[in-house]
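Protein chains in written order, with the working numbering: chain A, 41 to 279; chain B, 1163 to 1573.
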């Protein structure tokens, strides 16, 4: 079943008097339990497409259906709701609340979803255990390593059981060993049946996915299945 | 509904964390609100205090008493026109008493200012009130000690005196004034009574607490000639409802005594408390407006401080706002979060200010009439909250309408 169905979307920004065509004509479908990497040089429209997929932005023209519901015509509040329920974001810079401990950071989307305090706490703890941070629940971000911070962010993305996980350069701020551990975690999450969209500019990171979409100048240059998929060696559970 | 409560709860927690993370900044911002609320509360208690004091003082005069006088208390007439009026003398009083049928009591009053001495103490510039024994019937006096001078003492112009409570305290701190001899000017008087405290400290010499009451004849005998100066005829109506009729009768009687023709205007004035109340109101309203305006300004400055800090706070937390929006916070949620933060700051500042104001007004009460009202507490809290919301509105709106994409990218 299609989770995402995009047909001929375009996005035009106005910068002063000039029009910038960030996306020209992009069509793609993403199914349940896919693992897709989106690649492209800077200026290719990669970020714009990611914002679009994450319902942070709406297209200038074209069709974007998320689970058969049209996103293009949604109001701000409806977009906020769909981001909250259906999308789990993982950012390059983690974006954790510095003054809150790990559990509270993970709870955050559940607060906006209106989940009761006790249930929220329970689910946040479980999500932290799932990413291997059962012993770091009450640590603040500055007491955690980069890899651990990104795992808190991944737990936050997973806690709402979203339809897709949207990861924007998730290993960009990590050393290669830690990056590899994070990719192993994504692998495990995908194995469990989640749908993952990975935005990256690194070929070897993209090869963890099953499918790579390459963008150039606001158009899809190539949409290919990964032939030689890279399977992370280390098991992600971080025993 | 429960989602709203959760958001509120989360908003309070966020606000609390943000305030704790910037303790000095929050404290300085609160200081502005603290000063503003303290000033406003203090001013309103002071105004209330002045009001109460004047009300007490004026009502001590009695709302059912008329004062037939050469001088008008409040008038647009030229001063010289009144000066040229004939004095009211004791003969006028005697005829008035004979002709007026409605009043419950009538008493002539004349005044003198004298120094009072006992062996080792002295009070200067005391307002001496000379009248007849009927005078007490035109007032609502109560007595701490003794009694008012009697008809016999009054008619015989005996040297007896009734002390106002403050004079009594100054001369006889141990409260043993009764039957003691005091020297008013060069003359000895015996104290026959001490009044209960009447209240107002604002009416000054007109406050009975600061006066001494003696038979009118002793004043004429010892201090001022009966042919010099004018007396006031105090007239008490039988009831407040009878006041207008009594006033009309008094006017007619006085015109008859003076032999005034139809065309001639009154050459006397009938004063009453109402005029005084209006006059005092016109003064206090100016004090009120000026006082509240000035203290309101300090609150306004505090509010600008809050707004400034909230703008800084929003700017600093742009990425946090972006993240919150990305994971599902709506505009309303973000708006509420920042409004809560500024409200909490104001509320804390306001509560501290309120406590300070209450303590200060208790201290000031020693020197100046203040009055703490329970409604002031509620008003202070409302003012703080309102200040928080008003000054937080613009920054919170800025935060709420941020584009999540731009906010997340903000460095």
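For glycine and all other residues, C-beta sits at the position ideal for the given N, C-alpha and C. Note that the structure is predicted; figures quoted are calculated from it, not measured.
* the region 1483-1502 of chain B: which residues have C-beta closer than 9 Å to a C-beta of chain A, in chain order? -> Listed by position along the chain: 1484, 1485, 1486, 1487, 1488, 1489, 1490, 1491, 1492, 1493, 1494 and 1495.
* Asked: Quick one: is residue 1187 of chain B near chain A, going by C-beta distance under 8 Å?
  -> Looking up residue 1187 of chain B in the second chain gives position 25. At a cut-off of 8 Å, the C-beta of residue 1187 of chain B has no neighbouring C-beta in chain A.
* Asked: Any idea if residue 1396 of chain B is buried or exposed, counting beta-carbon neighbours within 10 angstroms, 16 or more meaning buried?
  -> What you label residue 1396 of chain B is simply residue 234 of the second chain in a count that begins at 1. Buried, since its Cβ has 16 or more Cβ neighbours within 10 Å.
* To do: Select from the region 115-127 of chain A all residues with a C-beta closer than 8 Å to any C-beta belonging to chain B, and list them in chain order.
  => 116, 117, 120, 121, 123, 124 and 125
* When B/1378, B/1228, B/1511 and B/1205 are compared against residue 1295 of chain B, the one with the closest alpha-carbon -> Start at 1 with the first residue of the second chain, and residue 1295 of chain B comes out as number 133. Among B/1378, B/1228, B/1511 and B/1205, the Cα nearest to that of residue 1295 of chain B is on B/1378.
* Does any residue of chain B bring its CB to less than 8 Å from the CB of residue 279 of chain A? -> Reading the first chain from its first residue, position 239 is the one you call residue 279 of chain A. Only weak support exists for where residue 279 of chain A lies, its pLDDT of 37 falling under 50; the value from the coordinates is given anyway. No, because no Cβ of chain B sits closer than 8 Å to the Cβ of residue 279 of chain A.
* To do: Determine the direct distance from the alpha carbon of residue 150 of chain A to that of residue 1512 of chain B, and round the result to whole angstroms.
  => By one-based count along the second chain, residue 1512 of chain B stands at place 350. By one-based count along the first chain, residue 150 of chain A stands at place 110. Cα-Cα distance, rounded: 34 Å.
* Residue burial classification, residue 281 of chain A (beta-carbon count within 10 angstroms, cutoff 16) -> It is not possible to answer for residue 281 of chain A, since the shown part of chain A is limited to 41 through 279.
* **Closer than 9 Å at the beta carbon, the chain A residues around residue 1557 of chain B** => Within the second chain, numbered from 1, the residue matching residue 1557 of chain B stands at position 395. None at all; the shortest Cβ gap to chain A is about 19 Å.
* Mind checking if residue 1542 of chain B is an interface residue toward chain A, Cβ cutoff 8 Å exclusive? -> The count along the second chain starts at 1 and reaches residue 1542 of chain B at position 380. No, its Cβ sits nowhere closer than 8 Å to a Cβ of chain A.
* Would you say residue 91 of chain A reaches chain B, if we count a Cβ-Cβ gap shorter than 8 Å as a contact? -> Stepping through the first chain from its first residue, residue 91 of chain A is reached at position 51. It does; some Cβ of chain B falls within 8 Å.
* Asked: Going by DSSP, which residues form a beta bridge with residue 1305 of chain B?
  -> Here residue 1305 of chain B refers to the residue found at position 143 of the second chain. Looking at the DSSP assignment, residue 1305 of chain B forms a beta bridge with B/1357.
* Can you check DSSP and say which residues form a bridge with residue 1588 of chain B? => Because chain B in this structure spans residues 1163 to 1573, residue 1588 of chain B falls outside the shown range and cannot be described.
* What does residue 170 of chain A touch in chain B if you count any residue whose Cβ is under 8 Å from its own? -> Numbered from its first residue, the first chain carries residue 170 of chain A at position 130. Simply none; closest approach about 18 Å.
* Asked: If we cut at 8 Å on Cβ distances, does residue 129 of chain A have a partner in chain B?
  -> Position 89 of the first chain, counted from the first residue, corresponds to residue 129 of chain A. Flagged as an interface residue toward chain B: residue 129 of chain A, by a C-beta distance shorter than 8 Å.
* C-alpha distance - residue 1456 of chain B paired with residue 1509 of chain B, whole-angstrom precision -> Taking the second chain and counting its residues from 1, one reaches residue 1456 of chain B at position 294. Taking the second chain and counting its residues from 1, one reaches residue 1509 of chain B at position 347. Between residue 1456 of chain B and residue 1509 of chain B, the C-alpha separation is close to 21 Å.
* Residues in the region 1502-1521 of chain B with C-beta within 7 Å of chain A's C-beta atoms, listed in sequence order? -> none
* Asked: Under three-state DSSP, which class holds residue 238 of chain A?
  -> Locating residue 238 of chain A in the first chain gives position 198, counting from the first residue. Of the three classes helix, strand and coil, the one that applies to residue 238 of chain A here is strand, per DSSP.
* To do: Could you name the residues of chain B that residue 149 of chain A contacts, counting a contact when the two beta carbons are closer than 7 Å?
  => Indexing the first chain from 1 puts residue 149 of chain A at position 109. Per Cβ cutoff of 7 Å: 1489 and 1490.
* Asked: residue 1421 of chain B to residue 1292 of chain B, Cα distance in whole Å?
  -> Position 259 of the second chain, counted from the start, is the residue given in the question as residue 1421 of chain B. Position 130 of the second chain, counted from the start, is the residue given in the question as residue 1292 of chain B. If you take the alpha carbons of residue 1421 of chain B and residue 1292 of chain B, they lie about 27 Å apart.
* So, is the C-beta of residue 1199 of chain B closer than 8 Å to a C-beta in chain A? -> Numbered from 1 along the second chain, position 37 holds the residue referred to as residue 1199 of chain B. It does not: the Cβ of residue 1199 of chain B has no partner Cβ on chain A nearer than 8 Å.
* Touching by the beta-carbon criterion (3+ pairs, under 8 Å), the region 1203-1217 of chain B and the region 1476-1485 of chain B -> no
* To do: Give the DSSP bridge partners of residue 1385 of chain B, in chain order.
  => Numbered from 1 along the second chain, position 223 holds the residue referred to as residue 1385 of chain B. In DSSP, residue 1385 of chain B forms no bridge with anything.
* Asked: Just how far apart, CA to CA, sit residue 279 of chain A and residue 170 of chain A?
  -> As a working note, residue 279 of chain A is residue 239 in the first chain. As a working note, residue 170 of chain A is residue 130 in the first chain. Confidence is the limiting factor: at residue 279 of chain A the pLDDT is only 37, short of 50, which leaves the residue's position unreliable, though a coordinate-based value still follows. Going by the C-alpha atoms only, they are around 11 Å apart.
* Asked: Helix or strand or just coil, what does DSSP make of residue 278 of chain A?
  -> Numbered from 1 along the first chain, position 238 holds the residue referred to as residue 278 of chain A. Note that residue 278 of chain A has pLDDT 48, beneath the 50 cutoff, so the model's placement of it is unreliable and the number below is only indicative. Correct three-state label for residue 278 of chain A: coil.
* If you scan the region 1216-1261 of chain B from start to end, which runs of the beta strand (DSSP E) of 3 or more residues do you find wholly inside it? -> 1227-1231
* Can you give the Cα-Cα distance for residue 1493 of chain B and residue 1208 of chain B, rounded to whole angstroms? -> Along the second chain, one-based indexing puts residue 1493 of chain B at 331. Along the second chain, one-based indexing puts residue 1208 of chain B at 46. If you take the alpha carbons of residue 1493 of chain B and residue 1208 of chain B, they lie about 44 Å apart.
* Tell whether a beta-carbon distance below 8 Å holds between residue 240 of chain A and residue 77 of chain A. => Your numbering for residue 240 of chain A matches position 200 in the first chain. Your numbering for residue 77 of chain A matches position 37 in the first chain. The answer is yes: Cβ separation under 8 Å.
* To do: Given a cut-off of 8 Å, decide if residue 235 of chain A and residue 72 of chain A are closer than it, judged by their beta-carbon atoms.
  => In the first chain, counting from the first residue as 1, residue 72 of chain A sits at position 32. In the first chain, counting from the first residue as 1, residue 235 of chain A sits at position 195. Going by C-beta atoms, residue 72 of chain A is nearer than 8 Å to residue 235 of chain A.
* Alpha carbon to alpha carbon, how far is residue 1307 of chain B from residue 1331 of chain B? -> Looking up residue 1307 of chain B in the second chain gives position 145. Looking up residue 1331 of chain B in the second chain gives position 169. When rounded, the distance between both Cα atoms is 12 Å.
* Are any of the Cβ atoms in chain B nearer than 8 Å to that of residue 96 of chain A? -> Residue numbering aside, residue 96 of chain A sits at position 56 when the first chain is read from its first letter. Judged by the 8 Å Cβ criterion, residue 96 of chain A is in contact with chain B.
* Secondary structure of residue 81 of chain A, DSSP reduced to three states -> Here the question's residue 81 of chain A lines up with position 41 in the first chain. Collapsing the DSSP output to three states places residue 81 of chain A in coil.
* Near-chain A residues of the region 1171-1196 of chain B (beta-carbon distance less than 7 Å), N- to C-terminal order -> With the criterion set as a beta carbon lying under 7 Å from some beta carbon of chain A, the members of the region 1171-1196 of chain B are 1172, 1179 and 1183, in sequence order.
* Under a Cβ-count criterion, where at least 16 other Cβ atoms within 10 Å of its own Cβ denotes burial, should residue 53 of chain A be classed as buried or exposed? -> Along the first chain, read from residue 1 onward, the residue named residue 53 of chain A stands at position 13. It is exposed - the Cβ of residue 53 of chain A has fewer than 16 other Cβ atoms within 10 Å.
* Which stretch, first to last residue, makes up the alpha helix (DSSP H) that contains residue 1407 of chain B? -> Translated into the one-based positions of the second chain, residue 1407 of chain B becomes position 245. Start and end: 1405-1420.
* Asked: So, are the CB atoms of residue 1116 of chain B and residue 1275 of chain B less than 8 Å apart?
  -> The structure shown does not extend to residue 1116 of chain B, since chain B spans only 1163 to 1573, so no value can be given for it.
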